[in-house]
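Input: a single structure, listed below in structure tokens.
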Amino acid sequence: MGKSSKLLKGHLIRWGFILLSVFIVYIALYSQSSFRIEKVVKNTLNMMEMPNAPIAIRAKTGQGYELLSIVDRENSIYHQIFANRTLGLLWNNRGGGFGGELDPQILLSFRGGMSTFGKHQHYYYVGQLNDPKINRLHMVWWDGYEQEAIIKDGIYQAARSIRISKEGERLHASGSNRLLAYDANDQLLYELNDEKREIRSDEETEEAS
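So the mapping is simple: our numbering equals the position in the sequence shown, first residue as 1, plus 1339.
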């Protein structure tokens, strides 16, 4: 065997090991990844032993991350999943909250969470609304930032990301969050906060009686 043949064989073996290593890393890190975000949701719910369900709300939170709200009407549950893309190609599950009960007696609820990705904290408030009089939801965060919540399929979400800092932690510790619900005439119907987290129709019936 000539010298050039040996060099070619050596290169092929070397590249074979490189490709095998890349494949092993891909399987270890991205086995739940997909080019389609719906497939990532399905894989994630299957891993959590939950039935598959459609994405109701999909919103960017910053730094390439998105918060997905999943509604399973058949089983009366909903979930939240953070997702982002690796190298701009593969969607990945980055965690979330699972198994929230859909209760028709709840007129409006207010549930929050947070995940840290790199140097940013991604905050969200989600909940369900079953009062047809509610036309829009306005979120006021602890630092004064305001935004309109996204409403769809009987749930809503408001999400944002903030760079980690001592000042931000101080404001978060001292401030409070509020959710304001308005009707079609822009009249305030309800206000929820970190102490009052839901309004139920059965409670209103009891008060009326």
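Each residue gets a CB set at the ideal place from its N, CA and C atoms; glycine is no exception. The structure displayed is predicted, hence computed values, not measured ones.
Check: Chain-order list of residues whose beta-carbon lies under 8 Å from that of Gly1493 (same chain, five-residue window excluded); Outcome: Val1410, Leu1441, Gln1467, Leu1468 and Asn1469
Check: beta-carbon Ser1515 near the ligand FMN non-hydrogen atom, thresh 6 Å; Outcome: Looking at this structure, you won't find the ligand FMN or any other ligand, since it has none at all.
Check: Glu1537 and Ser1448 closer than 7 Å at C-beta; Outcome: yes
Check: Where Asn1414 falls, given that 16 or more other Cβ within 10 Å makes a residue buried; Outcome: exposed
Check: Reduced DSSP secondary structure (H/G/I, E/B, other) of Glu1506; Outcome: helix
Check: Contact with chain D by Ser1515, beta-carbon distance below 7 Å; Outcome: Looking for chain D here will not work: only one protein chain is present.
Check: The stretch 1374–1381 in contact with the stretch 1471–1483 per 3-pair CB rule at 8 Å; Outcome: no
Check: Same chain, Cβ closer than 7 Å to Ile1363, neighbours up to 5 away in sequence not counted; Outcome: With a pLDDT of only 46 at Ile1363, under the threshold of 50, the placement of this residue in the model should not be trusted, and no figure is reported.
Check: Minimum C-alpha distance to Asn1391 - residue among His1418, Phe1456, Tyr1404 and Glu1405; Outcome: His1418
Check: Continuous alpha helix (DSSP H) stretch holding Ile1376: start and end; Outcome: Ile1376 to Met1386
Check: DSSP three-state assignment for Asp1558, whether helix, strand or coil; Outcome: In the structure displayed, the chain extends from 1340 to 1548; residue 1558 sits before or after that span and is not available.
Check: Reduced DSSP secondary structure (H/G/I, E/B, other) of Met1415; Outcome: First, the residue type needs correcting, since residue 1415 is Ser and not Met in the sequence shown. Reduced to three states, the DSSP call for Ser1415 is coil.
Check: Bridge partner(s) assigned by DSSP for Tyr1580; Outcome: Shown here, the chain extends from 1340 to 1548; a query on residue 1580 therefore has no answer.
Check: Cβ-based burial, Leu1446 [other Cβ within 10 Å; buried from 16]; Outcome: buried
Check: N-terminal and C-terminal residue of the beta strand (DSSP E) that Arg1521 is part of; Outcome: The question names Arg, but residue 1521 is Tyr in the sequence shown. Looking at the DSSP string, the run of the beta strand (DSSP E) that includes Tyr1521 is Arg1517 to Tyr1521.
Check: DSSP three-state assignment for Lys1535, whether helix, strand or coil; Outcome: coil
Check: Cβ-Cβ distance between Ala1398 and Ile1489 below 7 Å; Outcome: yes
Check: Selected residue, minimal CA-CA separation from Gly1457, among Leu1527, Gln1402 and Tyr1529; Outcome: Gln1402
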